[in-house]
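Using this note's numbering, the first residue of the sequence shown is number 3, and each one after it goes up by one.
Built from N, CA and C at the ideal position, the CB exists for glycine as well.
Bear in mind the structure is a predicted one, so any value in this text is a computation, not a measurement.
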Amino acid sequence: MAAHKDMSNTMTDDAQVVRVARHVTWVGFWINALLGVAKVLAGVFGRSAAMVADGVHSFSDFVSDIIVIVFIGISRRKADERYQYGHGKYETFATMLLSLILAAVAVMFFVDGAEKTWGALHGAEIPSPTYLALGMCVVSIVSKEWLYRYTRRAGERIGSAVVVANAWHHRSDALSSLATMAGVGGAMFLGPHWRVLDPIAAMVVSVFIAIVAVQLGKPAIQELLEVSLPKETVKEMYSVIGTTPGVEAFHRFASRQSGNRMFVDFHIKVSPEITVDRGHGIASDVEHRLRQRFGDGLAANIHVEPYRGQPVGKYNMCE
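In C-alpha coordinates, the structure reads:
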(Lines of atoms letter the chains of each structure in order from A; the text may use other names.)
(Lines give C-alpha, C1' and ligand atoms only; values in the text may rest on other atoms or scores of the structure.)
Protein backbone atom coordinates (compact mmCIF):
# COMPACT_ATOMS: atom_id res chain seq x y z
CA MET A 3 0.00 0.00 0.00
CA ALA A 4 2.27 2.53 1.17
CA ALA A 5 5.05 0.80 -0.73
CA HIS A 6 5.99 2.43 -4.00
CA LYS A 7 4.36 1.32 -7.22
CA ASP A 8 5.00 2.57 -10.73
CA MET A 9 2.20 5.09 -11.10
CA SER A 10 2.96 6.15 -14.68
CA ASN A 11 -0.14 4.36 -16.03
CA THR A 12 -2.60 5.60 -13.40
CA MET A 13 -5.01 8.51 -13.58
CA THR A 14 -3.62 11.93 -12.76
CA ASP A 15 -6.84 14.01 -12.80
CA ASP A 16 -7.77 14.30 -9.12
CA ALA A 17 -11.47 14.99 -9.75
CA GLN A 18 -11.76 11.89 -11.92
CA VAL A 19 -9.86 9.83 -9.34
CA VAL A 20 -12.28 10.88 -6.60
CA ARG A 21 -15.31 10.10 -8.79
CA VAL A 22 -14.05 6.59 -9.60
CA ALA A 23 -13.05 5.90 -5.98
CA ARG A 24 -16.39 7.02 -4.61
CA HIS A 25 -18.38 5.13 -7.25
CA VAL A 26 -16.64 1.82 -6.61
CA THR A 27 -16.93 2.34 -2.85
CA TRP A 28 -20.66 3.06 -3.02
CA VAL A 29 -21.13 -0.17 -4.99
CA GLY A 30 -19.36 -2.02 -2.17
CA PHE A 31 -21.34 -0.12 0.46
CA TRP A 32 -24.72 -1.32 -0.80
CA ILE A 33 -23.55 -4.87 -1.43
CA ASN A 34 -22.19 -4.97 2.14
CA ALA A 35 -25.50 -3.64 3.45
CA LEU A 36 -27.47 -6.44 1.82
CA LEU A 37 -24.93 -9.14 2.71
CA GLY A 38 -24.61 -8.00 6.31
CA VAL A 39 -28.35 -8.21 6.95
CA ALA A 40 -28.73 -11.46 5.00
CA LYS A 41 -25.82 -13.22 6.74
CA VAL A 42 -26.87 -12.26 10.25
CA LEU A 43 -30.42 -13.45 9.56
CA ALA A 44 -29.08 -16.63 7.94
CA GLY A 45 -26.85 -17.20 10.96
CA VAL A 46 -29.66 -16.69 13.46
CA PHE A 47 -32.29 -18.79 11.65
CA GLY A 48 -29.70 -21.20 10.25
CA ARG A 49 -28.22 -21.81 13.73
CA SER A 50 -24.64 -20.89 12.86
CA ALA A 51 -22.49 -18.77 15.18
CA ALA A 52 -19.82 -18.58 12.47
CA MET A 53 -22.33 -17.11 10.02
CA VAL A 54 -23.46 -14.49 12.54
CA ALA A 55 -19.81 -13.51 13.06
CA ASP A 56 -19.35 -13.42 9.30
CA GLY A 57 -22.32 -11.08 9.06
CA VAL A 58 -20.78 -8.78 11.65
CA HIS A 59 -17.64 -8.75 9.51
CA SER A 60 -19.73 -7.54 6.56
CA PHE A 61 -21.21 -4.79 8.74
CA SER A 62 -17.68 -3.70 9.62
CA ASP A 63 -17.21 -3.06 5.89
CA PHE A 64 -19.80 -0.30 6.27
CA VAL A 65 -17.34 1.62 8.40
CA SER A 66 -14.44 1.05 6.01
CA ASP A 67 -16.54 2.16 3.03
CA ILE A 68 -17.52 5.36 4.82
CA ILE A 69 -13.87 6.03 5.67
CA VAL A 70 -12.89 5.64 2.02
CA ILE A 71 -15.74 7.87 0.77
CA VAL A 72 -14.80 10.64 3.22
CA PHE A 73 -11.01 10.47 3.09
CA ILE A 74 -10.45 9.90 -0.63
CA GLY A 75 -11.86 13.35 -1.41
CA ILE A 76 -9.76 15.03 1.27
CA SER A 77 -6.53 13.30 0.25
CA ARG A 78 -6.78 14.51 -3.36
CA ARG A 79 -7.18 18.18 -2.50
CA LYS A 80 -4.52 20.52 -3.77
CA ALA A 81 -1.84 21.89 -1.46
CA ASP A 82 -2.93 25.01 0.42
CA GLU A 83 -1.54 27.44 2.98
CA ARG A 84 -2.12 25.05 5.86
CA TYR A 85 -1.19 21.80 4.08
CA GLN A 86 1.68 22.98 1.92
CA TYR A 87 2.76 19.41 1.04
CA GLY A 88 -0.77 18.38 0.09
CA HIS A 89 -3.29 16.16 1.88
CA GLY A 90 -1.88 12.75 0.91
CA LYS A 91 -1.36 11.61 4.50
CA TYR A 92 -5.14 11.57 4.99
CA GLU A 93 -5.27 8.57 2.64
CA THR A 94 -2.48 6.89 4.59
CA PHE A 95 -4.33 7.58 7.84
CA ALA A 96 -7.51 6.07 6.36
CA THR A 97 -5.59 2.95 5.35
CA MET A 98 -4.29 2.63 8.91
CA LEU A 99 -7.83 2.97 10.27
CA LEU A 100 -8.96 0.17 7.95
CA SER A 101 -6.23 -2.08 9.31
CA LEU A 102 -7.25 -1.30 12.90
CA ILE A 103 -10.88 -2.13 12.10
CA LEU A 104 -9.80 -5.46 10.63
CA ALA A 105 -7.62 -6.19 13.68
CA ALA A 106 -10.52 -5.45 16.05
CA VAL A 107 -12.86 -7.71 14.05
CA ALA A 108 -10.21 -10.47 14.11
CA VAL A 109 -9.92 -10.31 17.91
CA MET A 110 -13.71 -10.36 18.29
CA PHE A 111 -14.04 -13.44 16.06
CA PHE A 112 -11.27 -15.29 17.83
CA VAL A 113 -12.55 -14.62 21.36
CA ASP A 114 -16.12 -15.57 20.47
CA GLY A 115 -15.01 -18.76 18.67
CA ALA A 116 -12.68 -19.73 21.52
CA GLU A 117 -15.44 -19.34 24.11
CA LYS A 118 -17.86 -21.52 22.11
CA THR A 119 -15.17 -24.11 21.37
CA TRP A 120 -14.23 -24.31 25.06
CA GLY A 121 -17.88 -24.74 25.99
CA ALA A 122 -18.36 -27.51 23.42
CA LEU A 123 -15.31 -29.40 24.69
CA HIS A 124 -16.81 -29.26 28.20
CA GLY A 125 -20.24 -30.58 27.30
CA ALA A 126 -22.11 -27.55 26.00
CA GLU A 127 -24.38 -28.49 23.10
CA ILE A 128 -23.93 -26.67 19.82
CA PRO A 129 -26.96 -26.71 17.48
CA SER A 130 -26.46 -28.06 13.97
CA PRO A 131 -26.46 -25.39 11.24
CA THR A 132 -28.99 -25.63 8.39
CA TYR A 133 -28.85 -25.37 4.61
CA LEU A 134 -29.86 -21.71 4.93
CA ALA A 135 -26.49 -20.90 6.51
CA LEU A 136 -24.61 -23.07 4.02
CA GLY A 137 -26.31 -21.46 1.03
CA MET A 138 -25.57 -17.99 2.38
CA CYS A 139 -21.87 -18.90 2.54
CA VAL A 140 -21.85 -19.57 -1.20
CA VAL A 141 -23.66 -16.30 -1.97
CA SER A 142 -21.21 -14.37 0.21
CA ILE A 143 -18.08 -15.95 -1.31
CA VAL A 144 -19.16 -15.21 -4.88
CA SER A 145 -20.33 -11.65 -4.10
CA LYS A 146 -17.28 -10.63 -2.07
CA GLU A 147 -14.73 -12.15 -4.45
CA TRP A 148 -16.32 -10.24 -7.33
CA LEU A 149 -16.33 -7.07 -5.23
CA TYR A 150 -12.65 -7.58 -4.31
CA ARG A 151 -11.61 -7.89 -7.97
CA TYR A 152 -13.77 -4.95 -9.04
CA THR A 153 -12.49 -2.66 -6.26
CA ARG A 154 -8.83 -3.63 -6.55
CA ARG A 155 -8.84 -3.13 -10.32
CA ALA A 156 -10.28 0.37 -9.86
CA GLY A 157 -7.87 1.19 -7.02
CA GLU A 158 -4.82 0.22 -9.06
CA ARG A 159 -6.13 2.12 -12.09
CA ILE A 160 -6.44 5.37 -10.13
CA GLY A 161 -3.34 4.75 -7.98
CA SER A 162 -5.21 4.85 -4.64
CA ALA A 163 -3.75 2.88 -1.74
CA VAL A 164 -6.86 3.25 0.39
CA VAL A 165 -9.16 1.87 -2.33
CA VAL A 166 -6.82 -1.11 -2.80
CA ALA A 167 -6.82 -1.55 1.00
CA ASN A 168 -10.60 -1.57 0.96
CA ALA A 169 -10.50 -4.22 -1.78
CA TRP A 170 -8.46 -6.45 0.54
CA HIS A 171 -11.11 -5.88 3.20
CA HIS A 172 -13.60 -7.39 0.74
CA ARG A 173 -11.23 -10.30 0.08
CA SER A 174 -10.96 -10.93 3.84
CA ASP A 175 -14.75 -11.22 3.93
CA ALA A 176 -14.65 -13.76 1.10
CA LEU A 177 -12.01 -15.75 3.01
CA SER A 178 -14.08 -15.59 6.18
CA SER A 179 -17.10 -16.93 4.29
CA LEU A 180 -14.96 -19.73 2.86
CA ALA A 181 -13.82 -20.76 6.34
CA THR A 182 -17.40 -20.38 7.57
CA MET A 183 -18.63 -22.70 4.80
CA ALA A 184 -16.09 -25.34 5.83
CA GLY A 185 -17.19 -25.07 9.45
CA VAL A 186 -20.90 -25.06 8.66
CA GLY A 187 -20.57 -27.98 6.22
CA GLY A 188 -18.53 -30.03 8.70
CA ALA A 189 -20.96 -29.32 11.52
CA MET A 190 -23.90 -30.34 9.31
CA PHE A 191 -22.62 -33.51 7.70
CA LEU A 192 -20.06 -35.06 10.10
CA GLY A 193 -22.37 -35.62 13.07
CA PRO A 194 -23.01 -34.02 16.50
CA HIS A 195 -19.42 -34.40 17.73
CA TRP A 196 -18.19 -32.26 14.87
CA ARG A 197 -20.49 -29.32 15.43
CA VAL A 198 -17.58 -27.66 17.21
CA LEU A 199 -16.23 -26.98 13.70
CA ASP A 200 -18.63 -24.05 13.46
CA PRO A 201 -16.96 -21.93 16.21
CA ILE A 202 -13.53 -23.23 15.18
CA ALA A 203 -14.25 -21.82 11.71
CA ALA A 204 -14.79 -18.42 13.30
CA MET A 205 -11.34 -18.67 14.91
CA VAL A 206 -9.74 -19.62 11.58
CA VAL A 207 -11.44 -16.63 9.96
CA SER A 208 -9.95 -14.36 12.61
CA VAL A 209 -6.42 -15.47 11.70
CA PHE A 210 -6.96 -14.64 8.02
CA ILE A 211 -8.31 -11.22 8.93
CA ALA A 212 -5.46 -10.49 11.35
CA ILE A 213 -2.89 -11.28 8.64
CA VAL A 214 -4.56 -8.86 6.23
CA ALA A 215 -4.72 -6.21 8.97
CA VAL A 216 -0.95 -6.46 9.52
CA GLN A 217 -0.23 -6.39 5.77
CA LEU A 218 -2.24 -3.20 5.40
CA GLY A 219 -1.29 -1.51 8.65
CA LYS A 220 2.49 -1.96 8.63
CA PRO A 221 3.25 0.08 5.47
CA ALA A 222 0.68 2.73 6.46
CA ILE A 223 2.32 3.21 9.86
CA GLN A 224 5.76 3.30 8.25
CA GLU A 225 4.56 6.01 5.90
CA LEU A 226 3.10 8.08 8.74
CA LEU A 227 6.47 7.77 10.49
CA GLU A 228 8.11 8.92 7.22
CA VAL A 229 10.18 5.82 6.59
CA SER A 230 12.20 6.19 3.39
CA LEU A 231 11.03 4.72 0.08
CA PRO A 232 11.84 1.03 -0.60
CA LYS A 233 15.51 0.29 -1.30
CA GLU A 234 14.93 -0.85 -4.87
CA THR A 235 13.02 2.33 -5.65
CA VAL A 236 15.77 4.48 -4.12
CA LYS A 237 18.44 2.66 -6.13
CA GLU A 238 16.51 3.33 -9.34
CA MET A 239 16.35 7.00 -8.38
CA TYR A 240 20.10 7.05 -7.72
CA SER A 241 20.65 5.68 -11.21
CA VAL A 242 18.40 8.29 -12.85
CA ILE A 243 20.06 11.16 -10.98
CA GLY A 244 23.65 9.97 -11.43
CA THR A 245 23.32 9.40 -15.19
CA THR A 246 21.68 12.74 -16.02
CA PRO A 247 23.97 14.77 -18.30
CA GLY A 248 25.63 17.63 -16.42
CA VAL A 249 25.40 15.98 -12.99
CA GLU A 250 29.00 15.48 -11.83
CA ALA A 251 27.94 14.01 -8.46
CA PHE A 252 25.12 14.11 -5.92
CA HIS A 253 24.61 13.54 -2.19
CA ARG A 254 22.33 14.14 0.84
CA PHE A 255 19.50 12.14 -0.68
CA ALA A 256 16.33 11.74 1.43
CA SER A 257 12.93 10.31 0.49
CA ARG A 258 9.46 9.73 1.89
CA GLN A 259 5.93 8.84 0.78
CA SER A 260 2.77 10.86 1.39
CA GLY A 261 -0.38 9.13 0.21
CA ASN A 262 -0.04 8.65 -3.55
CA ARG A 263 2.92 11.07 -3.79
CA MET A 264 6.67 10.64 -3.35
CA PHE A 265 8.93 13.40 -2.06
CA VAL A 266 12.72 13.40 -2.56
CA ASP A 267 15.38 15.91 -1.50
CA PHE A 268 19.02 15.87 -2.62
CA HIS A 269 21.97 18.01 -3.72
CA ILE A 270 23.50 17.78 -7.19
CA LYS A 271 26.99 18.95 -8.00
CA VAL A 272 27.65 20.61 -11.37
CA SER A 273 30.63 22.24 -13.02
CA PRO A 274 31.49 25.56 -11.34
CA GLU A 275 32.19 27.02 -14.78
CA ILE A 276 28.60 26.97 -16.01
CA THR A 277 25.99 29.70 -15.54
CA VAL A 278 23.29 29.68 -12.88
CA ASP A 279 20.75 29.30 -15.67
CA ARG A 280 22.51 26.17 -16.97
CA GLY A 281 22.72 24.71 -13.46
CA HIS A 282 18.99 25.28 -13.05
CA GLY A 283 18.39 23.59 -16.39
CA ILE A 284 20.31 20.49 -15.25
CA ALA A 285 18.25 20.33 -12.04
CA SER A 286 15.04 20.62 -14.08
CA ASP A 287 16.24 17.82 -16.36
CA VAL A 288 16.84 15.57 -13.32
CA GLU A 289 13.33 16.25 -12.02
CA HIS A 290 11.81 15.62 -15.46
CA ARG A 291 13.60 12.27 -15.75
CA LEU A 292 12.47 11.21 -12.28
CA ARG A 293 8.87 12.06 -13.09
CA GLN A 294 9.08 10.18 -16.36
CA ARG A 295 10.14 7.07 -14.47
CA PHE A 296 8.06 7.37 -11.28
CA GLY A 297 5.03 9.43 -12.32
CA ASP A 298 3.83 13.01 -11.96
CA GLY A 299 3.08 12.43 -8.28
CA LEU A 300 6.80 12.76 -7.52
CA ALA A 301 8.03 16.06 -6.05
CA ALA A 302 11.77 16.78 -6.01
CA ASN A 303 13.56 19.46 -4.00
CA ILE A 304 16.98 19.82 -5.64
CA HIS A 305 19.85 21.97 -4.36
CA VAL A 306 22.61 22.85 -6.88
CA GLU A 307 26.25 23.02 -5.76
CA PRO A 308 29.61 23.43 -7.55
CA TYR A 309 31.65 20.27 -8.08
CA ARG A 310 35.13 20.60 -6.55
CA GLY A 311 36.63 17.27 -7.55
CA GLN A 312 35.28 15.25 -4.62
CA PRO A 313 35.67 11.47 -5.05
CA VAL A 314 32.52 9.75 -6.25
CA GLY A 315 31.34 6.20 -5.81
CA LYS A 316 28.53 4.04 -7.14
CA TYR A 317 25.72 5.90 -8.92
CA ASN A 318 27.97 9.03 -8.97
CA MET A 319 27.32 9.64 -5.27
CA CYS A 320 29.79 11.55 -3.08
CA GLU A 321 30.15 12.37 0.59
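- The Cβ atoms of arginine 49 and proline 129 lie closer than 8 Å to each other.
- Under the 8 Å Cβ criterion, the stretch 209–216 counts as touching the stretch 95–113, having at least three qualifying pairs.
- Collapsing the DSSP output to three states places alanine 251 in a strand.
- Looking only at Glu228, His282, Gly157, Ala169, the smallest Cα-Cα distance to valine 20 is reached by Gly157.
- Under the 10 Å beta carbon count, glycine 115 is surrounded by 16 or more other beta carbons and is classified as buried.
- Excluding sequence positions up to five before and after valine 166, its CB lies within less than 7 Å of the CB of Met3, Arg154, Gly157, Glu158, all in the same chain and listed in chain order.
- For leucine 300, the enclosing beta strand (DSSP E) starts and ends at 300–308.
- Straight through space, the alpha carbons of phenylalanine 95 and alanine 52 are spaced by roughly 31 Å.
- Cβ contact annotation for tyrosine 309 (same chain, cutoff 8 Å, sequence separation greater than five): Glu250, Ala251, Lys271, Val272, Ser273, Pro274, in chain order.
- Excluding residues up to 5 positions away in sequence, Met98 lie with their Cβ nearer than 8 Å to the Cβ of isoleucine 223 in the same chain.
- In this structure, the straight-line span from the alpha carbon of arginine 263 to that of glycine 75 is close to 15 Å.
- For the 8 Å CB-CB criterion, valine 70 and alanine 23 form a contact.
- Rounded to whole angstroms, the separation of the alpha carbons of tyrosine 240 and cysteine 320 is 12 Å.
- In chain order, Phe268, Ile270, Ala285, Val288, Glu289 place their CB closer than 7 Å to the CB of isoleucine 304, counting only its own chain and leaving out the 5 sequence neighbours on each side.
- Each residue's CA atom was taken as its position, placing lysine 91 and tyrosine 133 some 46 Å apart.
- Look at aspartate 267 here: in three-state DSSP terms it is strand.
- In the DSSP assignment, asparagine 168 falls within the alpha helix (DSSP H) that extends over 163–191.
- Partner residues in the beta bridge of valine 314, as assigned by DSSP, are Cys320.
- For glutamate 289, the enclosing alpha helix (DSSP H) stretches over residues 278–296.
- Secondary structure note for alanine 126: it is in no alpha helix (DSSP H), with a DSSP letter that is neither H nor E.
- With 16 or more other CB atoms across the displayed protein chains lying within 10 angstroms of its CB, glycine 38 is buried.
- Spatial neighbours of methionine 183 in its own chain (CB-CB distance under 6 Å, excluding positions within 5 residues in sequence) are listed in chain order as Cys139.
- Residue burial annotation: glycine 297 is buried, with at least 16 other C-beta atoms found within 10 angstroms of its C-beta.
- For valine 272, the three-state secondary structure derived from DSSP is strand.
- CA-to-CA, the gap between alanine 301 and arginine 254 works out to about 16 Å.
- Leaving aside the five residues that flank threonine 27 on each side, the residues in its chain whose CB is nearer than 8 Å to its CB run, in chain order, Asp67, Val70, Ile71, Ile74, Thr153, Val165, Asn168.
- With respect to the C-alpha of leucine 199, the residue from Asp82, Pro131, Lys146 having the closest C-alpha is Pro131.
- With contacts defined by Cβ atoms closer than 8 Å, alanine 44 and alanine 135 form a contacting pair.
- By the CB criterion at 8 Å, lysine 41 and glycine 57 fall inside the cutoff.
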